[in-house]
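Residue numbers (my numbering): 1009 to 1164.
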């Protein structure tokens, strides 16, 4: 019940207000692809980032998200997506990341490997200076890929 307290209309009100002051708005949707707010979020989105773990099961779930997008009227958004491949899980050592990465590269615009970082693993406030250099580089790559996928001028 609490998850439904914020609906599509509420999201649109907040997004319209934020758009008056910001040229870039990030929305963290968590895992709620079928939540009522998702339609409004996806209709406004130019680029999406899909997070996948490095295990086969985690990659399958992320791939199912792409399939859902394609089947529900968002094929361009799926093709323009960037997958952030979280290589911090234990299962990552058991699979060939190259195969998972190749699968996603056949479906989306880009894939970025995000390395394990003890500072991020703590799950607390992120202090940029405490991140490892490879984490910073990967985060910059991800940000650049998101920006590269934005239209030069949005058609409304």
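Think of the CB as a built atom: it goes at the ideal place given N, C-alpha and C, for glycine as much as any other residue.
Since residue i sits in a beta bridge, which residues does DSSP pair it with?
{"i": "residue 1090", "result": "1057, 1118"}
If I follow the unbroken alpha helix (DSSP H) through residue i, where does it start and stop?
{"i": "residue 1150", "result": "1141–1156"}
{"i": "residue 1047", "result": "1045–1052"}
{"i": "residue 1096", "result": "Counting along the chain, residue 1096 falls outside any alpha helix (DSSP H), and DSSP gives it neither H nor E."}
{"i": "residue 1024", "result": "1016–1027"}
{"i": "residue 1105", "result": "1105–1113"}
Just verifying my parser: in three-state terms, what is the DSSP assignment at residue i?
{"i": "residue 1123", "result": "coil"}
{"i": "residue 1064", "result": "helix"}
{"i": "residue 1075", "result": "helix"}
{"i": "residue 1083", "result": "helix"}
{"i": "residue 1030", "result": "coil"}
{"i": "residue 1226", "result": "Outside the displayed range of the chain (1009 to 1164) lies residue 1226, so it cannot be described from this structure."}
{"i": "residue 1036", "result": "coil"}
Compute the distance between the beta-carbons of residue i and residue j, then report whether it is under 9 angstroms.
{"i": "residue 1090", "j": "residue 1038", "result": "no"}
{"i": "residue 1150", "j": "residue 1120", "result": "yes"}
{"i": "residue 1044", "j": "residue 1093", "result": "no"}
{"i": "residue 1142", "j": "residue 1126", "result": "no"}
{"i": "residue 1088", "j": "residue 1048", "result": "no"}
{"i": "residue 1071", "j": "residue 1112", "result": "yes"}
{"i": "residue 1118", "j": "residue 1153", "result": "yes"}
{"i": "residue 1050", "j": "residue 1077", "result": "yes"}
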